Amino acid sequence: MFKISKINCINIGLPLIDTIHMSNVTMTKSNSIIIRIQNNYGEIGWGEAAASLSMTGESAPGMIAAINFITENITGKDIEDIEDIYKLIATSVYGNFAAKSAIEMALIDLLGINQKKSFYQLIGKKIRHELPIIWRISGSEKEIQNALEKRDEGFIAFKIKVGAQDLSYDLKRAENLRKKLGDGIQLTADANGGYCPKDAITFSKKSHSVGLDYFEQPVAGTDLYTMKHCNKISNIPISADEGIHTMHDLHKHYQMKAAEGGSLKLIKFGSITSLIQATKYMEEKKMHINISGKAGDSSISAAAIGNISMVLSKLDWYSNVSIQYLGDDIIKVPHQIINGKLKVTEGYGLGLTVDEEKLEYYKI
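Pasting the structure below:
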């Protein structure tokens, strides 16, 4: 057992190697809230959640306000096991799922350090040892060359960001990439909800002919009727991301046949227990599953995604992390992606050591 002694909240922006172009957002650097929690033994746990008005509706100032509110209510509380953490965070504040997920992550990391257990041992049973990672293709002039290089490095899954350019241009990009990458590679397109219904329907009709394996979030997350229509006319599965934040959202997509799979993020569900519950539901309904972080996340988030991914019995649409797109990280020994697979550092909790000088340097 330990007592929560101190919680610090740090707003950071990390540099990206290249600008990331999505349908409704252009990113030149990341924006994450980092949580540092210390217990009465002096042990420290770390958590992270991206600020994303376009994904969760949570801005950095709003998340900081929510975290300060939660801090006032949980400082001094005793933590004995993971159930204590789940209960404490679930009732700490209404909504604010990204903010809550960062604090929960830090507390589980701290619990692992305190109990000398890895993060995954606290949340489930290790099922998989290899974690293939999806490589994002965001519209650079050398995207085909870069994709071929990554394929040769061992990547087996690629996601094209579409919706920022003309529809016919995006379709041609997909077709060219499939021809160059060949068969046996998972190739998908993600519109991030950026297409109008007419263009989404057109893209869905042609998605199979250009060699795509599935099409993610064609239209806004609230437009389930167009999602349903796209799924009906498409010869490949339609996936939901921005449209799924809760079990209710997930059930509604399944019930309406608006998606055959989905991308699940901790910042949307707010807790690991809710996210794992969602994966079990999806497996039961024979839906496809992807676990993802947010563009620009550091190795803290990557470590959490890796540990969560290891305990899932189904993960056929693989995992997404962002450390490969960062110009710098805040971890002394950043996680590595080798042969297209994330190598999760073994150790207690998340198994990482934060470079607090870099944390201060990238503070916003």
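Each residue of the sequence shown is one higher than the last, beginning at 1101 in the working numbering. All C-beta atoms in this analysis are idealised placements derived from N, C-alpha and C, irrespective of residue type, glycine included. Only a predicted model underlies this, so the values are computations on that prediction, with no experimental measurement involved.
L1231 - DSSP class collapsed to helix/strand/coil: coil
Contact set for L1324: own chain, Cβ-Cβ below 8 Å, skip 5 residues either direction: G1343, K1352, H1353, M1356, A1358
Mapping the DSSP letters down to three states, classify H1467 as helix, strand or coil. Nothing can be reported for residue 1467, as the shown portion of the chain is limited to 1101 through 1464.
Out of curiosity, what's the CA-to-CA distance linking N1131 and S1152? 8 Å
Opening and closing residue of the beta strand (DSSP E) in which Q1355 lies: Taken as a continuous stretch (DSSP letters only), Q1355 belongs to no beta strand (DSSP E), being part of the alpha helix (DSSP H) at 1347-1356.
Taking the C-alpha atoms as reference points, what is the distance between G1282 and I1233? Computed Cα separation, rounded: 18 Å.
Would you mind reading off the limits of the beta strand (DSSP E) that contains L1267? L1267 -> not in any beta strand (DSSP E); alpha helix (DSSP H) instead, spanning 1267-1281.
Are the CB atoms of Y1220 and N1407 within a distance shorter than 8 Å? yes
In terms of residue numbering, what span does the alpha helix (DSSP H) encompassing N1139 cover? Premise fails: N1139 lies in the beta strand (DSSP E), 1132-1139, not in any alpha helix (DSSP H).
Is the beta carbon of A1247 closer than 8 Å to that of L1216? Note on residue identity: the sequence assigns Lys, not Leu, to residue 1216. No, Cβ-Cβ distance for K1216 and A1247 is not below 8 Å.
To which residues of the same chain is G1447 closer than 8 Å at the C-beta, ignoring the five residues directly before and after it? Sequence-distant Cβ neighbours of G1447 in its own chain, meaning closer than 8 Å and more than five residues away, are S1218.
Quick one, which of G1440, G1396, T1373 has its alpha-carbon nearest V1411's? T1373
Boundaries (first-last residue) of the beta strand (DSSP E) holding A1160: Not the beta strand (DSSP E): A1160 falls in the alpha helix (DSSP H), residues 1160-1174.
Where the beta strand (DSSP E) containing Y1418 begins and where it ends: It is not in any beta strand (DSSP E) - Y1418 carries neither H nor E in the DSSP assignment.
Between M1347 and A1378, which are expected to be in contact by the criterion C-beta below 8 Å, what is the C-beta distance as a whole number of angstroms? That pair is a contact at about 6 Å.
For I1260, which three-state DSSP category applies? strand
Out of I1391, L1442, H1329, point me to the one whose CA is closest to Y1418's CA. I1391
Going by beta-carbon coordinates alone, are K1305 and I1333 separated by less than 8 Å? yes
Where does I1213 fall in DSSP's three states? helix
Name the two residues that bound the continuous alpha helix (DSSP H) containing D1341. Careful: D1341 lies outside any alpha helix (DSSP H) and carries neither H nor E.
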